[in-house]
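S.K.: Residue numbers for the sequence shown follow the numbering used here, so the first one is 457 and each next one is one higher.
Think of the CB as a built atom: it goes at the ideal place given N, C-alpha and C, for glycine as much as any other residue.
Everything numeric in this text was worked out from a predicted model, so none of it was measured.
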Amino acid sequence: MKKITSLLFIALAFASCEKKTTTKSTTSVVGYTIKLNSTADLETLLKVEKYPLISAHRGGDAAGYPENCVETFERATAFGPSIIETDIAMTKDSVLVLMHDDTLDRTTTGKGYVSDYTYAELQQFYLEDYKKTKTTYKIPTLDAALEWGKGRVVYTLDVKRGVPYEKVIESIRNNKAEAYSIVITYNADQARAFHKQAGDIWLSVSANGKEDIQRLKQYKVNTNKVVAFVGVTEPTPATISYMQQQNIPMILGTIGNLDKSAKTNGDALYQSYFEKGIQILSADRNKEASEQALQYAKKHNLTSQFIQTK
């Protein structure tokens, strides 16, 4: 594994020549990979090595790169070792696809509810970026995303309303993606429901302190395989201290106000969250946040046996 200094150089070099076209694949600029072979590897990455990581929110869309698009995920890996947060919806014929909204209107050339179309019918539409610029990219299936992600990224999978956990578990199993999949749940009830069906798969659970974690334990959720999403505002020192005592990794959502604050006051703000004990930042500004994560890792001589650069 090359040193972090080499990784940082690649990220900065890519930042200076980021592509503008909406038609070319980003495969040639993949700089970082996270290669995990088991859920034990994921545990080592998150709880032993404690390497600072950025979760690219919906892949980190930019001009020419739509959200929830595999090509956008590839772009994210050029900036740093990446967790990819993505959303799972279901078509009329029960195919799992990547889509945040209930409808196609905001992010594609189509209109109407995703659930009103079969997967084959969705192929007539193209993904659009945040400027509503049409790209050549199509709506991907969860299977395609999981297949691409093996040996490249870690996923946090946001299961949208109406999507059965059984279908998500089936896709994870079929793609042997347990090692690099974390399923997002928003409360203890959801965590319990998923855990009963697949106790070996890691969960992200919204948790702000001791009470939330104790409830998970009461529900027999294995908190050794839990990442705590501590919200979109900086958690209290008490929350951070408790999670550290429990050795539960934390995700802070910088999406929204905290990203705006970093843009206004300086990107070093991202490093301040790592300094306070947060390990994962879920950011819309994943390029800038990744640069800060690499700098933090270099400053503190942090490495990971699972992270490589091409």
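Pick helix, strand or coil for Lys676, following the three-state DSSP scheme.
M.R.: Coil.
S.K.: Evaluate the contact criterion for the stretch 735-744 versus the stretch 703-711: three or more CB pairs, one atom per stretch, below 8 Å.
M.R.: Touching, per the Cβ criterion.
S.K.: Are there three or more Cβ pairs, one per stretch, closer than 8 Å when the stretch 569-577 is compared with the stretch 543-556?
M.R.: Touching, per the Cβ criterion.
S.K.: Would you decide whether Val615 is buried or exposed? Buried here means 16 or more other CB atoms lie within 10 Å of its CB.
M.R.: Result: buried.
S.K.: Among the residues of its own chain, which have a CB less than 6 Å from the CB of Lys743, if the five just before and after it don't count?
M.R.: Phe535.
S.K.: Under the rule that 16 or more other beta-carbon atoms within 10 Å means buried, what is Glu541, buried or exposed?
M.R.: By the 10 Å Cβ count, Glu541 comes out buried.
S.K.: Hey, how far is the Cα of Val686 from the Cα of Pro693?
M.R.: Answer to the nearest angstrom: the Cα atoms are 12 Å apart.
S.K.: Between Ala745 and the rest of its own chain, which residues show a CB-CB distance below 6 Å, the 5 nearest in sequence each way excluded?
M.R.: Excluding sequence neighbours, Ala745 sits near Ile510, Tyr726, Leu737, Ala739.
S.K.: List, from N- to C-terminal side, the alpha helix (DSSP H) runs of 4 residues or more that fit wholly inside the stretch 542-588.
M.R.: As far as the stretch 542-588 is concerned, its whole alpha helix (DSSP H) runs of at least 4 residues are 575-578.
S.K.: For Thr597, write down the residues that DSSP places opposite it in a beta bridge.
M.R.: DSSP, once it has assigned bridges, lists Val553 as partnering Thr597.
S.K.: Going by the CB atoms, is the gap between Val683 and Ile490 shorter than 9 Å?
M.R.: Contact: no.
S.K.: Does DSSP classify Lys491 as helix, strand or coil?
M.R.: Three-state result, Lys491: coil.
S.K.: For Ile466, which residues in the same chain have their Cβ closer than 8 Å to its Cβ, ignoring the five residues on either side in sequence?
M.R.: Summary for Ile466: the model assigns pLDDT 40, below 50, so the residue's position carries little reliability, and this model does not support an answer.
S.K.: If we ignore side chains and look at the alpha-carbon of each, how far apart do His756 and Gln748 end up?
M.R.: One C-alpha to the other measures close to 12 Å.
S.K.: What are the start and end residues of the alpha helix (DSSP H) that includes Tyr752?
M.R.: Residues 742-755.
S.K.: Short check: CB of Tyr582 to CB of Lys588, under 9 Å?
M.R.: Against a cut-off of 9 Å, the Cβ pair of Lys588 and Tyr582 comes out as no contact.
S.K.: Go through its chain and collect everything with a Cβ distance to Leu602's Cβ below 8 Å, but skip five positions before and after it.
M.R.: Excluding sequence neighbours, Leu602 sits near Tyr611, Ser627, Ile628, Asn631, Ala633, Ser637.
S.K.: By Cβ distance below 6 Å, which residues in the same chain neighbour Glu586 in space, the five residues on each side in sequence not counted?
M.R.: Correcting the residue type first, residue 586 is Tyr in the shown sequence and not Glu. If we look at Tyr586 and ignore the five residues flanking it on each side, its Cβ neighbours are Asp517.
S.K.: What is the rounded straight-line gap between the Cα of Thr477 and the Cα of Ala519?
M.R.: Low local confidence applies: a pLDDT of 36 at Thr477 is under 50, so the model's placement there is unreliable, with the coordinate-based value given in what follows. Looking at the two C-alpha atoms, the distance is approximately 9 Å.
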